[in-house]
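There are 2 protein chains.
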Amino acid sequence: MRKFNFCAGPAALPEPVLRQAQQELLDWRGLGCSVMEISHRSPEFMEVAERAERDLRDLLKIPDNYKVLFLQGGATGQFSAVPWNLFGAGSKKADFIHSGHWAAKAIKEARRYGQVNVVASSEDRNFSYAPSADSWRQSPDAAYLHYTPNETISGVEFDYVPEVDCPLVADMSSTILSHPLPVEKFGVIYAGAQKNIGPSGIAVALVREDLLDRSMENIPRSLSWKVAADADSMDNTPPTFAWYLSGLVFQWLKAQGGVEAMAKQAEQKSALLYRYLDSSDFFSSPVEKGSRSRMNVPFVLADDSLDKQFLAEAKEVGLLNLKGHRSVGGMRASLYNAVPLEAVEALVKFMADFEARRA
Amino acid sequence: MRKFNFCAGPAALPEPVLRQAQQELLDWRGLGCSVMEISHRSPEFMEVAERAERDLRDLLKIPDNYKVLFLQGGATGQFSAVPWNLFGAGSKKADFIHSGHWAAKAIKEARRYGQVNVVASSEDRNFSYAPSADSWRQSPDAAYLHYTPNETISGVEFDYVPEVDCPLVADMSSTILSHPLPVEKFGVIYAGAQKNIGPSGIAVALVREDLLDRSMENIPRSLSWKVAADADSMDNTPPTFAWYLSGLVFQWLKAQGGVEAMAKQAEQKSALLYRYLDSSDFFSSPVEKGSRSRMNVPFVLADDSLDKQFLAEAKEVGLLNLKGHRSVGGMRASLYNAVPLEAVEALVKFMADFEARRA
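Going down the list, the sequences are from chains A and B.
Under our numbering, think of the first position of the first sequence as 917, with each following residue one higher.
Under our numbering, think of the first position of the second sequence as 917, with each following residue one higher.
Right under this line is the structure:
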């Protein structure tokens, strides 16, 4: 029996997607083999790949002058790829907004290849908020500005898109496809799939075409957006099954009403949980209002000696993977697209019960 | 209905593996979710990862002083990783044996980072053989010697392991797990999974521990074997479903009698096909005897105007993916571990019929 799964990633996938994959796992489209047992260059798989790109373009209204790349190595691979692809056109300086764990990782890798200016940081209050738009100023000669619109671990989400003169680069791993996106404001958007796109092992990058020619000379072939773009993301054998599953997720999203519907649902789901957290003395959110993530909701018990019991009882009633990230502790409910409203309702009910029994 | 699938990669997987994956796709081990919907750091997935490594170590008798890494980016990613990881300890020279398409790709990428000495090549006879052991001499100061024990496209396989003083590096994408392997003779063995290990999107590297400290200074984090080794291949979210499937393949291999049984079967299967090719005036093998691959058997029709018809009729009787690589044309039957003897028997019977009907 399927349970409610709040995992931060690899996260829950839509059940209809898994059912279809299950049904056709041994014999896909009557071919007599699995979709993962055919050449990525076969007409049958090419159609899967092209449809996935087309559907993603539809969902996010991606302008024609952006390449859609399906890559390996996750967002972490892109922490390396971003400086390698963008530091070759003169400036080896980049502006970064430091908003927490994942921004820090991106900064650390970029620093190995150029000069990083942290133009805003929320470290002063333990990364419990997103720096506001008026709190920072970009460098005059940055090759790009990088930020992390949603910090998966601390549950902090930006409610604005930075306006900058240089190319804006965003790690959207945990928010992509959860709302309409003004893609044209970005130079590069990248995301690991395992939260809102598909299974782990595939990543998506949207790259504005004029940024494909700025790579450093010695860029490893496997990190080059240009190489990937020129080869339609097939310079080497791509992760075909993950690509296929991502495509099924895109189809499911369209059938659900697209990212507009997802945004509405994300608002509903997260509001329900935050409302409860704010009304309780037993649980609380460590994130400042205005910066609270719609995708990842960390919360703490006033008495953390009850953490283990909370997790055990939650599991008992079919609420899975609520443990916070090992680096911060506490709890975390991730509410990605595939997590239905009923899951959050069940969670809030359980939390209220848990609290009441200890009143 | 499952058909006989001779795809060169992504290739056929063992049917029992796919059946198990299918059965537990929505609810794995009674957890209430899929194995691809849980954290890679959960105890449940860690057990999958550890068992996969243990089984692979058992199958190949990997010595304790070798790290087993599960990576992304395929063998092509390793074309970049090899020079980046091995050119940092003084010498930026590497010896390469040039045996065909894949060796050429590895050479091209290594040349970007150091000096490549092609110490042997079979280009003189269109890569139709593996250069013999006495035909070449290594450089005195090479950081490593790289070769491709099996060329997937041209179907050329080395019948010996080079004896060299420097670390021996091998791209074993299409032969790993098809025979017992003297791992201790190698410094590094790497392989994309999509032929003899699992689905595409995961790669395996076996790295002798003393080679983990030779990387160039600016190595991208995502290419570093040291980083991967220190993080048990979880520096970033790994491709969990591909890892799980690879683990199931390892279990299946052990149940079949391990690599010794696979070697025997590979010998049988390929001998059957080569015997027929050599007896026919209608079909022939372009590869010299003594260098013929047990895994990939390219062959040509004397009258190549019949190619299309051959492929169409083969598909008709359930023999899939026999088309040769686009760079060489003709036909190719890949006979990896998951391709049963019956598949080759059916292929030979079909070829004999096809020939007879045109006699």
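Cβ atoms here follow ideal geometry from the backbone N, Cα and C, with glycine treated the same way.
- At a cut-off of 8 angstroms between beta-carbon atoms, Ala1145(B) makes no contact with chain A.
- Here Glu1204(B) carries a coil assignment [DSSP, helix/strand/coil].
- Taking a beta-carbon distance threshold of 8 angstroms, His1017(B) does not count as an interface residue toward chain A.
- For Ile1023(A), the enclosing alpha helix (DSSP H) begins and ends at 1017 to 1027.
- Taking Met1132(A) as the centre and dropping the five residues before and after it, the same chain places the C-beta of Trp1000, Phe1003, Gly1004 closer than 6 angstroms to its C-beta, in chain order.
- Contact between Glu953(A) and Asn1066(B) does not hold, since the beta-carbon distance rounds to 20 angstroms and is not under 8 angstroms.
- Under the three-state reduction of DSSP output, Met1247(A) falls in the strand class.
- Within the stretch 973 to 996 of chain B, the residues whose Cβ lies closer than 8 angstroms to any Cβ of chain A are, in chain order, Gln988, Gly989, Gly990, Ala991, Thr992, Gly993, Phe995, Ser996.
- Interface criterion met: the Cβ of Met917(A) is under 8 angstroms from a Cβ in chain B.
- Think of a sphere of 9 angstroms around the beta carbon of Cys923(A): the chain B residues whose beta carbon falls inside it are Cys949, Glu953, Ile954, Ser955, Ser958, in chain order.
- Looking at Phe1166(A), Glu1125(A), Gly1173(A), Val998(A), the one whose alpha-carbon comes closest to that of Pro979(A) is Glu1125(A).
- Non-local beta-carbon contacts of Asp1050(A) in its own chain, meaning distances under 6 angstroms to residues more than five positions away in sequence, are absent.
- Listed in chain order, the positions of the stretch 1150 to 1175 of chain A with a beta carbon within less than 8 angstroms of a beta carbon of chain B are Asp1151, Asn1152, Thr1153, Pro1154, Pro1155, Thr1156, Phe1157, Ala1158.
- Shown in chain order are the members of the stretch 1108 to 1140 of chain B whose Cβ falls below 8 angstroms from a Cβ of chain A: Gly1108, Gln1110, Pro1115, Ser1116, Gly1117, Ile1118, Asn1134, Pro1136, Arg1137, Ser1138, Leu1139.
- The Cβ-Cβ distance between Met1211(A) and Leu1251(A) falls below 8 angstroms.
- Residues Tyr1106 of the same chain have their beta carbon placed closer than 6 angstroms to that of Gln994(B), with the five preceding and five following residues left out of the count.
- Within the model, the alpha-carbon separation for Ala928(B) versus Lys1185(B) is close to 15 angstroms.
- Taking 8 angstroms as the cut-off, the Cβ atoms of Ala1177(B) and Leu941(A) do not count as close.
- Unbroken alpha helix (DSSP H) stretches of 4 residues or longer found wholly inside the stretch 1099 to 1158 of chain B: 1141 to 1146, given in chain order.
- The Cβ of Asn1212(A) sits no closer than 8 angstroms to any Cβ of chain B.
- Between Ser1048(B) and Ser996(A), the C-beta spacing is not below 8 angstroms.
- Taken through DSSP and simplified to helix, strand or coil, Pro1056(A) comes out as coil.
- Beta-bridge pairing by DSSP links Leu1217(B) to Phe1199(B).
- Secondary structure within the stretch 955 to 1025 of chain B: the alpha helix (DSSP H) runs of 4 or more consecutive residues, fully enclosed, are 959 to 976, 990 to 1002 (chain order).
- Ala1272(B): member of the alpha helix (DSSP H) spanning 1257 to 1272, first to last residue.
- When 9 angstroms is used as the limit between beta carbons, Glu1025(A) is near these residues of chain B: Pro1136, Arg1137, Ser1138, in chain order.
- Shown in chain order are the members of the stretch 1225 to 1258 of chain A whose Cβ falls below 8 angstroms from a Cβ of chain B: Gly1234, Leu1236, Asn1237, Arg1242.
- Contact between Phe1012(A) and Val998(A) does not hold, since the beta-carbon distance rounds to 10 angstroms and is not under 8 angstroms.
- Distances from the CA of Gln988(A) to each of Glu966(A), His1095(A), Ala1144(A) were compared; the closest alpha carbon is that of Ala1144(A).
- Residue contact with chain A for Tyr1060(B): absent (no Cβ-Cβ distance below 8 angstroms to any residue of chain A).
- The beta carbon of Ala1036(B) sits closer than 6 angstroms to those of Ile1013, Pro1047, Ser1051, Trp1052, all from its chain and outside the five residues before and after it, given in chain order.
- When C-beta distances to chain A are compared with 9 angstroms, every residue of the stretch 1058 to 1086 of chain B stays at or above that value.
- Per the Cβ contact rule, the stretch 1217 to 1231 of chain A is in contact with the stretch 1195 to 1202 of chain A (3 or more Cβ pairs under 8 angstroms).
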